[in-house]
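Q: If you use our numbering, the sequence shown corresponds to residues 3 to 336, in order.
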Amino acid sequence: MRRRIYIIAFGAMVGVVVTGGLALGVFIAIKFAPKSAAPAHTAGLAGHQSPSLTISSLNITIKPPPSIHGNTSNVGILQVLDNNLLDNKLLHNKLVDSKLLHNKLVDSKLLHSNLLDNLLGKFMGGSNRRTYTGDGDRGWPTRDEWLSIGELWSKNYDIMGKYCSDINGVATMPTTDAEKAAIKAAIIKSASENNGLDARFIFAVMMQESEGCVRTVDTHSPDGIRNPGLMQSHNGKHACYSLQEACPDAMIAGMIMDGAGGTADQHGGGDGLVQCLAKAKEMGAKEGSAQQYYIAARLYNSGPNSYTFGKPLENGQTSSYVSDIANRFRGCVG
3 MRRRIYIIAF GAMVGVVVTG GLALGVFIAI KFAPKSAAPA HTAGLAGHQS
53 PSLTISSLNI TIKPPPSIHG NTSNVGILQV LDNNLLDNKL LHNKLVDSKL
103 LHNKLVDSKL LHSNLLDNLL GKFMGGSNRR TYTGDGDRGW PTRDEWLSIG
153 ELWSKNYDIM GKYCSDINGV ATMPTTDAEK AAIKAAIIKS ASENNGLDAR
203 FIFAVMMQES EGCVRTVDTH SPDGIRNPGL MQSHNGKHAC YSLQEACPDA
253 MIAGMIMDGA GGTADQHGGG DGLVQCLAKA KEMGAKEGSA QQYYIAARLY
303 NSGPNSYTFG KPLENGQTSS YVSDIANRFR GCVG
């Protein structure tokens, strides 16, 4: 009997030990076991990639706060803004390209204009010839725009007296360098002796009348007035047409003086540039103005009673005469 009790007691103790061991093992396993990785559906929480986190055991739903990244309407607005910015950038680039194209066209036009002016310049001495109309005031070259006497002389030097045979219609000796020097000296002297007379005016009229041919032929006005020499003066007495040799300096000076100062002291003489300038002023032109010179040129070409102040200058004996003088002031030759 006692032995049986001992066996039962021993079995109970073993059961307690086994049970305690199992409990201790479970406790240790739970206490020291490594934590498992978060469920796959919670991995994106930190990056706000998951729209929500559901803990099913507690039946709780946690939604992320509204943000620009989580709001589909905001994303749409951003997309529209991005598209607008892109469109604006493309438009800006097109405008820039258009402006560059415009500038290239302008440059091309300027280049074309410059090339045309250069070609015309080679043919006409460096300046594009224009047609001037009206009374010599608005739109006409001012005296400040005229080239200097030195510049005009240089531009015209080579052509001066070169085509005398063509002008006269017969073989004629061209103007020599020595004769050209005498012409220049006479122009400067005449301008200095006639106060207020611009040397450029004398030079331009001489080139218009004879192109600097000291042996140019005499011509006659419609009313029969003889016009001889470099300036085709009013019945002057100085000329070298009949000479087939060098024209004397004194004769050259006389031709210039006849045209500049007039020939009133000679039989059958008349006005020169000085008298024409005075009459232009009397008509109403401002003294010293370019208009005064243009009107004087008209009177020199067509006669002292050929013009009414304020009327067009192109209606004279030679319609282009005054416009040609204006172009010569700008450097046109020929």
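Positions of the beta carbon are idealized from the N, C-alpha and C atoms, including for glycine.
It should be emphasised that the depicted structure is a prediction, and the values quoted were computed from it without experimental measurement.
(1) Within the same chain, show all residues whose beta-carbon is closer than 7 Å to that of residue 326, passing over the 5 residues directly before and after it, in chain order.
(2) What residue range does the alpha helix (DSSP H) around residue 337 cover?
(3) Residues in the same chain with beta-carbon distance under 8 Å from residue 248, minus the five sequence neighbours each way, listed in chain order, please.
(4) With DSSP run on the structure shown, which of helix, strand or coil describes residue 145?
(5) Comparing alpha-carbon positions, which option in 88, 142 and 92 lies nearest residue 292?
(6) Is the CB-CB distance between residue 252 and residue 279 below 8 Å?
(7) Please go through the segment 190 to 274 and give each complete alpha helix (DSSP H) segment of 4 or more residues, from N-terminal end onward.
(8) Give the straight-line distance between the Cα atoms of residue 170 and residue 217, rounded to the nearest whole angstrom.
(9) Ends of the alpha helix (DSSP H) at residue 317?
(10) Helix, strand or coil: which one does DSSP assign to residue 164?
(11) Compute the minimum distance between the beta carbon of residue 318 and the heavy atoms of the ligand SAH, and state whether it is under 7 Å.
(12) With C-beta atoms as the reference, is residue 240 less than 8 Å away from residue 267?
(13) What are the start and end residues of the alpha helix (DSSP H) that includes residue 137?
(14) Once DSSP output is grouped into helix, strand and coil, what is the label at residue 323?
(15) Should the segment 228 to 247 be regarded as contacting the segment 195 to 213, the criterion being three or more beta carbon pairs within less than 8 Å?
(16) If you follow the alpha helix (DSSP H) that residue 131 is in, where does it begin and where does it stop?
(17) Taking the CB atoms as reference points, tell me whether residue 192 and residue 263 lie closer together than 8 Å.
(18) With C-beta atoms as the reference, is residue 330 less than 8 Å away from residue 318?
(19) Take residue 321 and list the residues in its own chain whose beta-carbon comes closer than 7 Å to its own, dropping the five residues that flank it on each side.
(20) Among 148, 183 and 167, whose alpha-carbon lies nearest the alpha-carbon of residue 159?
(21) Alpha carbon to alpha carbon, how far is residue 2 from residue 282?
(22) Can you name the start and end residues of the alpha helix (DSSP H) that residue 300 belongs to?
(23) For residue 324, which residues from the same chain have a beta carbon less than 6 Å from its beta carbon, with the 5 sequence-adjacent residues on both sides left out?
(24) Could you give the DSSP three-state label for residue 333: helix, strand or coil?
(25) How many Å lie between residue 334 and residue 306 at the Cα?
(26) Return the chain-ordered list of same chain residues with a C-beta closer than 6 Å to the C-beta of residue 176, the five sequence neighbours on each side being excluded.
(27) Let me make sure I understand the geometry here. Which of 196, 99, 206 and 286 has the alpha-carbon closest to that of residue 153?
(28) Below 8 Å between beta carbons: does that hold for residue 189 and residue 336?
(29) Taking just the CA atoms, how far does residue 328 sit from residue 146?
(30) Put residue 175 into one of helix, strand or coil per three-state DSSP.
(31) Roughly how many angstroms separate the alpha carbons of residue 150 and residue 332, rounded to a whole number?
(32) Measuring CB to CB, does residue 312 end up less than 8 Å from residue 137?
A: In short:
(1) 210
(2) A question about residue 337 goes unanswered here, because the residues of the chain that appear run from 3 up to 336.
(3) 178, 180 and 181
(4) helix
(5) Ranking 88, 142 and 92 by CA distance to the CA of residue 292 puts 142 first.
(6) no
(7) 201 to 212 and 251 to 263
(8) Approximately 9 Å between the Cα atoms of the pair.
(9) First-last for residue 317: undefined, no H or E at that position.
(10) coil
(11) This structure simply doesn't include the ligand SAH, nor any ligand for that matter.
(12) no
(13) For residue 137, there is no enclosing alpha helix (DSSP H), since its DSSP letter is neither H nor E.
(14) Residue state, collapsed to three classes: helix.
(15) yes
(16) Here residue 131 belongs to no alpha helix (DSSP H), and DSSP marks it neither H nor E.
(17) yes
(18) No, they are not a contact pair.
(19) none
(20) 183
(21) Since the first residue of the chain shown is 3 and the last is 336, residue 2 is not available in this structure.
(22) Per DSSP, residue 300 belongs to the alpha helix (DSSP H) from 292 to 304.
(23) 296, 299, 300 and 315
(24) coil
(25) 27 Å
(26) 163, 164 and 166
(27) 206
(28) no
(29) 12 Å
(30) Correct three-state label for residue 175: coil.
(31) 9 Å
(32) yes
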